[in-house]
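Residue numbers (this note's numbering), protein chains in the order written: chain S, 1 to 287; chain A, 1 to 287. Backbone N, C-alpha and C fix where the C-beta goes; we use that ideal spot for every residue, glycine too. This report refers to the structure that appears directly beneath it.
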């Protein structure tokens, strides 16, 4: 069922709660692909009812980013959800979420602001204000849907860590369920932004996963010096690549590592032409 | 019943919700007086169950403020609550609320930040960061207790307006119930900080309510020019008073007024010696 209104959504969820049913939320910006589908499947399996939100959140885009051209494919998204056993697709308008007649800024809007230590690095460094917008909209969605579980992909792992921190810091009564990255056979992590890639770009984009897989293989063979692991990346980089970051950080608190351990995550962001792609890998996990 | 642990509180509230009972929350910093009692009475009357939280919230005190000497009277607070039909007094430790081992700052803690336009004036001007701390702790308490109603005094009207804005902006599913200021026969608004006043100070403190009552009387007689209304204050001020602000603002969005109307609130803050007192009055309300 497609619902646009907060009020209608709440009434529906209320009847579920009254019946004692558990509710799962999968927050998305739409343009759903097999990565989202894996989150949806987990929610449908685990919860009695599943809500998928589809909302391209204006306040998490920075000036100059792709808000206007971000892919919007609601009809296809709805079909994918229907076929996956989703109970409600919640697709509010920006007006429904933020009202109208005022500027969307911290002058006139209450924001949920993640800790500076968690946002001054990795994607937060180039995307100033991005995670403020993410936390604010996720907090809103949590209050609107009041799910028991919410599902987030490890693809956006900095986001996942920040959301978990928010839930802990603000005592939000929701369990966050992390879901593994889904990859093409080539290794490329699925992303709605892959649509922007030309055929040639797609080949160059394999560098991200190749670098990460190779670092993990080296780590498994006993190399744990992060500088040495970093240097293994160079053989996969060519002139098409602009490396934004390749960093080794703790999976819980994002502290920088000089010596890798099983709880270390390797984060990478790479620009290929105008397309910025991210990926990450946890060194301790089974392959 | 006195509860210190978040987990225990949640379990108790859960059993109430399962029975379909409505829950009211009265958030306080303790040192309860007849002002708080009026909030408690309203909650007890309106809701099936009432929780009073008693927590002196460190992150809403600014450097140099009275965090350490703020009155703490838990035993008396508990007695007042018991006698008023309160079901639970929730008195968590700072460690229970914020964990330990990290600094309480926006470097390491998720904050809920009210809009700048609402906090750059009145008390927010001198108490930098105060309302960030208030919104963050109230948001936490909302998530911990998950009440249907929460009761706030009009004494701290800027706070009340900011909390209502937060609830609206973040879609928090709680109804905020504003409660009128309780005054001594003399007119002095009740406040935990009145305990700091000497006998002589208490006489001088009457200036706050006298100024407000007189402005309202003038307004009722037809004066609506805010500058003229402001000037009526001088006759009540003497050398013991240090006027921090006397301002005319809209009751909903805190915009400044030059011409008063029924929705105008007159806000005052006055220092007497080291004691800073606040008061306010809504011009349209019946006396």
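{"Asked": "Who are the near neighbours of residue 282 of chain A in its chain, counting only those whose CB is closer than 7 Å to its CB and skipping five residues on each side?", "Found": "251 and 265"}
{"Asked": "Check whether the Cβ of residue 263 of chain S lies closer than 8 Å to any Cβ atom in chain A.", "Found": "no"}
{"Asked": "Pop quiz: residue 137 of chain S and residue 59 of chain S are said to be a contact at Cβ under 8 Å. What is the actual Cβ separation, rounded to whole angstroms?", "Found": "7 Å"}
{"Asked": "Taking a Cβ distance cut-off of 7 Å, strictly less, list which residues of the segment 154-186 of chain A are near chain S, in chain order.", "Found": "165, 166, 169, 170, 171, 172 and 173"}
{"Asked": "Give me, in chain order, the residues of the same chain whose beta-carbon lies closer than 6 Å to that of residue 49 of chain A; leave out the 5 immediate sequence neighbours on both sides.", "Found": "16, 21, 23 and 87"}
{"Asked": "What residues are listed by DSSP as bridge partners for residue 149 of chain S?", "Found": "S/24 and S/175"}
{"Asked": "With residue 159 of chain S and residue 182 of chain S assumed to form a contact (beta carbons below 8 Å), what rounded beta-carbon distance in angstroms separates them?", "Found": "Not quite, the Cβ-Cβ distance comes to about 16 Å (not below 8 Å), so this is no contact."}
{"Asked": "Distance check for residue 284 of chain S and residue 38 of chain S, CA to CA, integer angstroms please.", "Found": "22 Å"}
{"Asked": "Would the segment 165-183 of chain A count as touching the segment 99-118 of chain A if we require 3 or more Cβ pairs under 8 Å?", "Found": "yes"}
{"Asked": "Taking CB distances under 8 Å as the criterion, tell me whether residue 90 of chain S reaches chain A.", "Found": "no"}
{"Asked": "Chain A partners of residue 108 of chain S, CB-CB under 7 Å?", "Found": "115 and 117"}
{"Asked": "Is the beta carbon of residue 261 of chain A sitting closer than 8 Å to the one on residue 268 of chain A?", "Found": "no"}
{"Asked": "How is residue 259 of chain S classed by DSSP in three states: helix, strand or coil?", "Found": "strand"}
{"Asked": "For residue 85 of chain A, tell me which candidate among A/121, A/71 and A/46 has the shortest Cα-Cα distance.", "Found": "A/46"}
{"Asked": "Less than 6 Å between C-beta atoms, sequence neighbours within five positions excluded: which residues of the same chain meet that for residue 247 of chain S?", "Found": "267"}
{"Asked": "Touching or not, the segment 230-246 of chain S and the segment 5-19 of chain A, by the rule of three or more beta carbon pairs under 8 Å?", "Found": "no"}
{"Asked": "At the level of alpha carbons, what is the spacing between residue 132 of chain S and residue 221 of chain A?", "Found": "49 Å"}
{"Asked": "Starting from the beta carbon of residue 140 of chain A, find every residue of chain S whose beta carbon is closer than 7 Å, and list them in chain order.", "Found": "170 and 171"}
{"Asked": "Using C-beta distances below 7 Å, list every residue in its chain close to residue 42 of chain A, excluding the 5 sequence neighbours before and after it, in chain order.", "Found": "151, 177 and 179"}
{"Asked": "Report the residue ranges of all alpha helix (DSSP H) runs contained in full by the segment 18-89 of chain A; include only those spanning at least 4 residues, in chain order.", "Found": "34-46 and 74-83"}
{"Asked": "Should residue 145 of chain S go down as buried or exposed, given a rule of 16 or more other Cβ atoms within 10 Å for buried?", "Found": "buried"}
{"Asked": "With a threshold of 8 Å between beta-carbons, can residue 57 of chain A be considered close to chain S, or not?", "Found": "no"}
{"Asked": "Cβ atoms of residue 110 of chain S and residue 170 of chain A: under 8 Å apart, would you say?", "Found": "yes"}
{"Asked": "Residues of chain S with CB closer than 9 Å to the CB of residue 60 of chain A, please, in chain order.", "Found": "Within 9 Å Cβ-Cβ: nothing; residue 60 of chain A doesn't reach chain S, min ~15 Å."}
{"Asked": "Taking Cβ to Cβ, would you say residue 205 of chain S is nearer than 8 Å to residue 188 of chain S?", "Found": "yes"}
{"Asked": "Does any CB atom of chain A fall closer than 8 Å to the CB of residue 111 of chain S?", "Found": "yes"}
{"Asked": "Between the alpha carbons of residue 258 of chain A and residue 249 of chain A, how many angstroms are there, rounded?", "Found": "9 Å"}
{"Asked": "Which one of A/231, A/223 and A/5 has the shortest CA to CA distance from residue 98 of chain A?", "Found": "A/5"}
{"Asked": "Determine the extent of the alpha helix (DSSP H) in which residue 169 of chain S is found, giving its start and end residues.", "Found": "157-169"}
{"Asked": "Does residue 252 of chain S come out as helix, strand or coil in the three-state DSSP assignment?", "Found": "coil"}
{"Asked": "Alpha carbon to alpha carbon, how far is residue 190 of chain S from residue 300 of chain A? Give it in angstroms, no decimals.", "Found": "Outside the shown range of chain A, which is 1 to 287, sits residue 300 of chain A, and nothing can be said about it."}
{"Asked": "Count the other CB atoms within 10 Å of the CB of residue 239 of chain A; is the residue buried (16 or more) or exposed (fewer)?", "Found": "exposed"}
{"Asked": "Tell me which residue opens and which closes the beta strand (DSSP E) that residue 225 of chain S is part of.", "Found": "Where residue 225 of chain S is concerned, there is no enclosing beta strand (DSSP E), given that its DSSP letter is neither H nor E."}
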